[in-house]
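**Student:** Using our numbering, you'd call the opening residue of the sequence shown number 122 and step up by one each time.
Positions of the beta carbon are idealized from the N, C-alpha and C atoms, including for glycine.
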Amino acid sequence: ITATTRQLLQYHLNISYLLKSTIKQYAALTHHDIPDTRLSLYDLLKNHPLQNNIQFSDVVKLLSIQAPRLYSISSSPAAHGKREIHITVAKDQFLVAQEKRTGVGSRYLAHLEPETELEYFIQKSRHFKLPEGDKNIIMVGPGTGIAPFRSFLSEREALKESGKNWLFFGEQYEATDFLYKGEIQSFIEKGVLTAFDSAFSRDQKEKIYVQTRMYEKGAELYNWFENGAYFFICGKRDHMSKDVEVALIDIIITHGRKSEQEAKNYLKKLT
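1) Which ranges would you report for the alpha helix (DSSP H) in the segment 215 to 239 if only whole runs of at least 4 residues count?
2) Just how far apart, CA to CA, sit His-152 and Ala-200?
3) Answer with buried or exposed for Phe-242, where buried requires no fewer than 16 other C-beta atoms within 10 angstroms of its C-beta.
4) Which residues in the same chain as Leu-162 place their Cβ atom closer than 6 angstroms to its Cβ, once the five residues preceding and following it in sequence are excluded?
5) Over what stretch of residues does the alpha helix (DSSP H) that includes Met-335 continue unbroken?
6) Which first and last residues belong to the beta strand (DSSP E) in which Ala-320 is found?
7) Counting C-beta neighbours from all protein chains within 10 Å, is the total for Tyr-147 16 or more, i.e. buried, or is it exposed?
8) Tell me whether the beta-carbon of Leu-342 lies closer than 8 angstroms to the beta-carbon of Ile-372.
9) I want to know whether the segment 275 to 292 touches the segment 243 to 257 - three or more CB-CB distances under 8 angstroms.
10) Rounded C-beta distance between Pro-263 and Gly-356? I'm assuming under 8 angstroms.
11) Taking Leu-391 as the reference, give the member of Glu-347, Lys-363, Ser-380, Asp-359 with the closest Cα.
12) Let me know the secondary structure DSSP gives Lys-353 once reduced to three states.
13) My guess is that Met-335 and Ala-368 are in contact by the Cβ rule of under 8 angstroms, so how many angstroms apart are they, rounded?
14) In this structure, does DSSP put Val-181 in helix, strand or coil?
15) Pull the bridge partners of Gly-266 from the DSSP assignment, please.
16) Considering only the alpha carbon of each residue, which of Gln-172, Leu-140, Ile-206 lies closest to Met-157?
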């Protein structure tokens, strides 16, 4: 990259949430004692200032290239056309030293004006894709994890494919967090969605998650597996995906009458 320092900091280098290794290098360069926490370049310069401008050029050399943010495409070429790409993004918010911060990618997208042009690229996924149109699919997509499944269902509806489709969706509150509610209701009415199970964790005293619904439908889920259904999951890796995996193994043990090791081998074969 050939650019001015301003362009490097504005467009190309990670200055928001620095790598731990970068912070350690900054500490060594400036001889500051810096706590092991998530810090931005701004935090460092404000709380652990440099001695002179020459040091700043050395600091720029420590910064890593800004990593791309990868979002699942939630549109379908067959349903929405090849000139549109839809994505489903939640504004990521968290605290750093009791100060509210927002995710780099989601904040950037949230503040874009309509008609803004921006650079992007498509990362191909060799394994996460729809099977043949007559195959049955089970989709578990809490929160924005629903994105690729909106794409799948739109594609199957547009192509009039015969495979059965079962969606598990979860969020906190139905009134405010039911993403694509109208479209999901339409998919149900048209028969595109063969089965739909929702889990809104905060709408009742007892917390209900997607894996809760999976346990409730365990016998039917196992029957779909035995009849060749494909299983997809999208969403946060921790803790949701691990909880879903535990639920799958328990369901296979219970309804497949298998030992724990046999259930793990069954799941491995599915994978």
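**Tutor:** So, to answer that:
1) Counting only runs of 4 or more, we get 225 to 231.
2) Rounded to whole angstroms, His-152 to Ala-200 spans 58 angstroms at the Cα level.
3) The residue in question, Phe-242, is exposed, as its Cβ has fewer than 16 Cβ neighbours within 10 Å.
4) These residues qualify, in order along the chain: Ile-136.
5) Judged by DSSP secondary structure, Met-335 falls within the alpha helix (DSSP H) whose first and last residues are 331 to 337.
6) Under the DSSP assignment, Ala-320 falls in the beta strand (DSSP E) whose first and last residues are 316 to 321.
7) Tyr-147 is classed as buried because its beta carbon has at least 16 other beta carbons within 10 Å across all chains shown.
8) It is a contact, given that the beta carbons lie within the stated cut-off.
9) In short, these stretches touch, since the Cβ pair count reaches three.
10) Between Pro-263 and Gly-356, the beta carbon gap of about 5 angstroms places them in contact (Cβ cut-off 8 angstroms).
11) The option with the nearest alpha carbon to Leu-391 is Glu-347.
12) This sequence places Phe at residue 353; Lys is not what is there. The three-state secondary structure of Phe-353, taken from DSSP, is strand.
13) Correct: roughly 5 angstroms between the Cβ atoms.
14) In this structure, Val-181 counts as helix in the three-state DSSP scheme.
15) None, per the DSSP bridge assignment.
16) First, the amino acid is wrong: residue 157 is Asp here, not Met. When each option's Cα is compared against that of Asp-157, the closest is Leu-140.
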